[in-house]
Amino acid sequence: MSRVWTIAAKELRSYLVSPMAWVVATVFLGVSGLLFYNAITWFSMQSFQLMQYQGAINQMNVNRMVFGPTFQNMVVTLLLLVPMVTMRLLAEEKKNRTAQLLFTSPVRLGEIVLGKFVAAVVLLSGVLLLSLYMPLLAWTYGALDWGPILSGYLGMVLLIGAFVAFGLFASSLTENQIVAAVLTFGILLVFWLLGWAAQLGGAFAQVLEHLSIITHLDSFIRGVVELKDVVYYLSAAAFGLFLTHRVLESNRWR
Amino acid sequence: MIQAENLTKYYGDVQALSGVSFHVDRGEIVGVLGPNGAGKTTAMKILTCFMPPSSGTASVAGHDIFDDPLAVKRSVGYLPEEPPVYGELTVAEYLAYAGRLKGLGRGDLKAACARVVDRCGLDKVAGRLIGNLSKGYRQRVGLAQALIHNPPVLILDEPTVGLDPAQIIEIRELIRELAQEHTVILSTHILPEVTATCQRIMIINEGRIVAVDTYENLQNQVGTSRQIRLKVSRPSPALRDRWLALDGVLDVEPDPEEDGAYRIESRLDQDLREDVARVAVESGAGLLELAGVAVSLEEVFLRLTTEEKEGTA
Chain H
1 MSRVWTIAAK ELRSYLVSPM AWVVATVFLG VSGLLFYNAI TWFSMQSFQL
51 MQYQGAINQM NVNRMVFGPT FQNMVVTLLL LVPMVTMRLL AEEKKNRTAQ
101 LLFTSPVRLG EIVLGKFVAA VVLLSGVLLL SLYMPLLAWT YGALDWGPIL
151 SGYLGMVLLI GAFVAFGLFA SSLTENQIVA AVLTFGILLV FWLLGWAAQL
201 GGAFAQVLEH LSIITHLDSF IRGVVELKDV VYYLSAAAFG LFLTHRVLES
251 NRWR
Chain U
255 MIQAENLTKY YGDVQALSGV SFHVDRGEIV GVLGPNGAGK TTAMKILTCF
305 MPPSSGTASV AGHDIFDDPL AVKRSVGYLP EEPPVYGELT VAEYLAYAGR
355 LKGLGRGDLK AACARVVDRC GLDKVAGRLI GNLSKGYRQR VGLAQALIHN
405 PPVLILDEPT VGLDPAQIIE IRELIRELAQ EHTVILSTHI LPEVTATCQR
455 IMIINEGRIV AVDTYENLQN QVGTSRQIRL KVSRPSPALR DRWLALDGVL
505 DVEPDPEEDG AYRIESRLDQ DLREDVARVA VESGAGLLEL AGVAVSLEEV
555 FLRLTTEEKE GTA
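If you're matching them up, the sequences are chains H and U in order.
Number 178 in our numbering belongs to position 178 of the first sequence; there are no gaps in the numbering.
Converting from the second sequence to our numbering requires adding 254 to each position, the first position being numbered 1.
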């Protein structure tokens, strides 16, 4: 198990000494910050107008009206950024032939896969947690319920885990990082779009809704941590990691 | 120490190795020789458990590559053709990472790093990023990585490729030193390298082992005659006739490019250097130089690899 940390620590280091981590953090915080600014400005304008009506102001809820959309916007930003982070994980090792060190060291394949996974999840979660300044700001200047915020962040971390697992899988398939990124983006986009397809109704609507990445996040944002949603993200991550393991194993035999 | 039985490897339809069997004893240095694409790297990748063979099996340091790959990996240090180094790490960071991957504990790690840094002459560059190092230093970092867990077996794939002549000599000396404590297999297509470092030579061609033996035996195996090269200050046709009259001399030829130089071919089982010299001195030709010409490894190699081709054709 200590090898998992060894590999994760090395990967994190590689991220932090390359511009990639910093660019991803900047873009994520910039984009989500801008969208947060929009949401909170709209919210305060609405509040200002509703002050003229008795009692209407009580319907304004910063959690629902600001952080709901903000979390959704973060998901879209991650949809674009996660492939950039995960694309190098295995593809680069294969391309630079450094995989030979990894695969001829007394380390299990599972430890390699987990180490890489942990590194990317830690990096992206770290970037995500930097956005905690948003609820802190709202809390400083208004009434904020921390419950849904924290459960929302928990959901986001779980979602990152699922995203990264699929990114890792795509990276195991090729030694071309661009191919890995495009593939990851494709996979994530399909899972995201399933939520929209579900809204159209029809026989499969419920199945699609259960498969969608978005719908499972909704309850977290509402402040409800349900077992089925946690299981959804954990099993999606486990499935991605399992596929990665199988690909690496079968590559050896070719 | 290393036992390979009937290793066969297919890449799709291409057969890279066909039925390769060999063994390497403890403390030996064995050179694997072969043209590009002969299967040297494939054989090494199988022995290091980087990939399994299509059929056949092997054991390294008593561990089977299928039953206990982790134990095999622990007992092997592998330097691939291209050193597996990360450009974004410093030499010290990289070696610490490699050491941890190979299971060194916190206590042993520091000592192990210091040992390989010293051994491979990396002390001047330990704090530098590998990405900024020259090819020669990267090669040494790769070698240091293979040594870090002090494995009983070292497998080195073309360890001197891309180095300058001074570095080549250094690395060869290092390998010879290492052979005192480790069993070494090294591959190369540079022929003199094998004679310079290895006790036994394994020649691979088109996925088959063509010959395994010491250099001397290989010479005798392919050589049909011995040659002596000599130079006199006063050459004469009479001298040539006297040499030809010696028992065992097959041919005497003057060197067209150098005045007074001769090439004398004799039977394989007879060393005629003494007789040839005596004749030259007795006839007063003024002997200047005399040397036995060994069949060069290039010749051995070419003969073995082309014979094989004729055999299979």
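Quick reminder that beta carbons are idealized off the backbone N, C-alpha and C, glycines included.
Item, Value
"Is there a C-beta anywhere in chain U that falls below 8 Å from the one on residue 101/H?", "yes"
"Which class does residue 349/U belong to by DSSP, given the choice of helix, strand or coil?", "helix"
"Name the chain U residues that come within less than 9 Å of residue 3/H, Cβ to Cβ?", "354, 355 and 357"
"Excluding the five sequence neighbours on either side, which residues of its own chain have a C-beta within less than 7 Å of the C-beta of residue 527/U, listed in chain order?", "482, 544 and 546"
"Helix, strand or coil: how does DSSP classify residue 396/U here?", "helix"
"Given a cut-off of 8 Å, decide if residue 344/U and residue 382/U are closer than it, judged by their beta-carbon atoms.", "yes"
"Could you check whether residue 111/H and residue 246/H sit closer than 8 Å to each other, using their CB atoms as the reference points?", "no"
"Which residues of the region 80-108 of chain H have a Cβ closer than 9 Å to any Cβ of chain U? Give them in chain order.", "93, 96, 97, 98, 99, 100, 101, 102, 103, 104, 105, 106, 107 and 108"
"Since I believe residue 91/H is in contact with residue 174/H (beta carbons under 8 Å), could you give me their beta-carbon distance rounded to a whole number of angstroms?", "6 Å"
"Using a Cβ-Cβ cut-off of 8 Å, state whether residue 116/H counts as contacting chain U.", "no"
"Kindly indicate which residue of 347/U, 324/U, 305/U and 337/U has the alpha-carbon position closest to the one of residue 17/H.", "347/U"
"My output table needs one value for residue 16/H: the three-state DSSP class, helix, strand or coil.", "helix"
"Which residues in chain U have a C-beta closer than 9 Å to the C-beta of residue 14/H? List them in chain order.", "340, 342 and 343"
"Using DSSP with H/G/I as helix, E/B as strand and the rest coil, what is residue 462/U?", "strand"
"Kindly indicate if chain H contains any beta-carbon less than 8 Å away from that of residue 434/U.", "no"
"Below 8 Å between beta carbons: does that hold for residue 262/U and residue 310/U?", "yes"
"Answer yes or no: does any C-beta atom of chain H fall closer than 8 Å to that of residue 306/U?", "yes"
"Pull up the distance between the alpha-carbon of residue 237/U and that of residue 288/U, whole angstroms please.", "For chain U, the structure presents residues 255 to 567; residue 237/U sits outside this window and is missing."
"Give the DSSP-derived three-state secondary structure of residue 566/U in the structure shown.", "Confidence is the limiting factor: at residue 566/U the pLDDT is only 43, short of 50, which leaves the residue's position unreliable, though a coordinate-based value still follows. Residue 566/U: helix per DSSP, three-state reduction."
"For chain U, is any of its Cβ atoms less than 8 Å away from the one on residue 171/H?", "no"
"Taking only beta-carbon positions, decide if residue 246/H is within less than 8 Å of chain U.", "no"
"Applying the 10 Å Cβ sphere with the 16-neighbour rule, what's the burial state of residue 405/U?", "buried"
"If you drop the 5 nearest sequence neighbours on each side, which residues of the same chain put their C-beta closer than 8 Å to that of residue 182/H?", "83"
"Between the alpha carbons of residue 10/H and residue 102/H, how many angstroms are there, rounded?", "12 Å"
"Between which two residues does the alpha helix (DSSP H) harbouring residue 73/H extend?", "68-86"
"List the residues that DSSP assigns as beta-bridge partners of residue 317/U.", "314/U"
"Please report the Cβ distance between residue 411/U and residue 388/U, rounded to the nearest whole angstrom; I am assuming they are in contact, meaning their Cβ atoms lie under 8 Å.", "Their Cβ separation, rounded to whole angstroms, is 19 Å, which puts residue 411/U and residue 388/U out of contact at 8 Å."
"Would residue 240/U and residue 425/U qualify as a contact pair, given that the criterion is a beta-carbon distance under 8 Å?", "Limits of chain U in this structure are 255 at one end and 567 at the other, which puts residue 240/U out of reach."
"Round the Cβ separation of residue 534/U and residue 500/U to the nearest angstrom and send it over; I've been treating them as touching at under 8 Å.", "The pair is not a contact, with the Cβ atoms about 11 Å apart (cut-off 8 Å)."
"What in chain U is Cβ-close to residue 47/H, meaning under 8 Å?", "Going along chain U, no residue has its Cβ under 8 Å from residue 47/H, so there is no contact; the nearest lies around 49 Å."
"Strictly under 8 Å for the Cβ-Cβ distance: is residue 639/U near chain H by that measure?", "Residue 639/U cannot be examined here, being either before or after the span of chain U that is shown, 255 to 567."
"Is residue 10/H close to chain U, meaning its C-beta is less than 8 Å from at least one C-beta of that chain?", "yes"
"Taking residue 332/U as the query, report the chain H residues whose CB atoms sit under 8 Å from its CB, ordered along the chain.", "100 and 104"
"Just how far apart, CA to CA, sit residue 558/U and residue 286/U?", "14 Å"
"Which two residues bound the contiguous beta strand (DSSP E) that contains residue 254/H?", "Element bounds for residue 254/H: n/a, residue is neither H nor E."
"Hey, is residue 374/U's beta-carbon within less than 8 Å of any beta-carbon in chain H?", "no"
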